[in-house]
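Working notes, beginning with the structure itself.
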Amino acid sequence: MFSDLVVASTTSTTLGSMLFVSLSFLVLLLLLKKFAWQPVIRMLDQRADKISNDIDSAESSRRAADKLVEQRESELQQSRIEARAIISEAKETAENSAYSIIENAKKHAQDMKEQAEKEIRIEREKMMDDSKKEVAELSIQIASKILKKEISLDVHQELIQSSIDRLEGDGDE
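For the sequence shown, the numbering used here assigns the number 719 to the initial residue and increments by one for each residue that follows.
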């Protein structure tokens with residue numbers, strides 16, 4: 719009997735405890751909802767907004783980086799094209815310069831050759847004139863010695879001319 723009373727008392731105590739714990743839990747939930755729920759929700763919303771903003775910012779940064787990479791690649795490609803054009807222009811300029819230098823050297827060589835030929839021709843004519851004068855003088859001296867007399871100016875001119883004519887005749891053959 720006594721054991722039935724203890725069991726009944728334990729059962730009602732247990733039921734009372736359960737009821738008290740349940741009521742305490744509900745009151746705690748209501749208090750949490752009234753005082754703590756809004757700040758927690760606000761904090762979670764702020765955190766969600768911050769994460770969303772961070773994701774948007776990261777996406778924006780990624781797009782900007784992609785755009786920058788694309789721009790740099792375009793600039794690099796443009797630089798390569800410009801470099802090729804500069805190299806091509808430099809080659810063309812070098813070829814033109816080489817051609818110009820060669821042409822100038824050929825012209826200079828031709829001018830030097832013509833100048834040398836002119837100097838040779840002048841020198842030969844001068845030597846021929848000197849030779850003619852020398853031969854004429856020798857002829858006069860020989861003729862003077864042979865004739866042992868003074869030759870007049872007219873005779874002197876005739877002797878010179880005949881000597882020159884003979885020399886030219888010998889030179890042509």
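Just so it is clear, CB atoms sit at the ideal spot from N, CA and C, and this is done for glycine as well.
- Residue environment analysis places Ser797 among the exposed positions, since fewer than 16 neighbouring C-beta atoms fall within 10 angstroms of its C-beta.
- Inclusion of Ile878 and Ala861 in the CB contact set at 7 angstroms is not warranted, their separation being larger than that value.
- In this structure, Ser881 and Ser857 form a Cβ contact; the two beta carbons are roughly 4 angstroms apart against a cut-off of 8 angstroms.
- DSSP places Ser815 within a helical segment (H, G or I) once states are collapsed to three.
- Gly887 has its alpha-carbon roughly 16 angstroms from the corresponding atom of Glu843.
- If you draw a straight line from the Cα of Leu733 to the Cα of Asp763, it comes to about 40 angstroms.
- Look at Ser770 here: in three-state DSSP terms it is helix.
- Rounded to whole angstroms, the gap between the alpha carbons of Gln833 and Ala827 is 10 angstroms.
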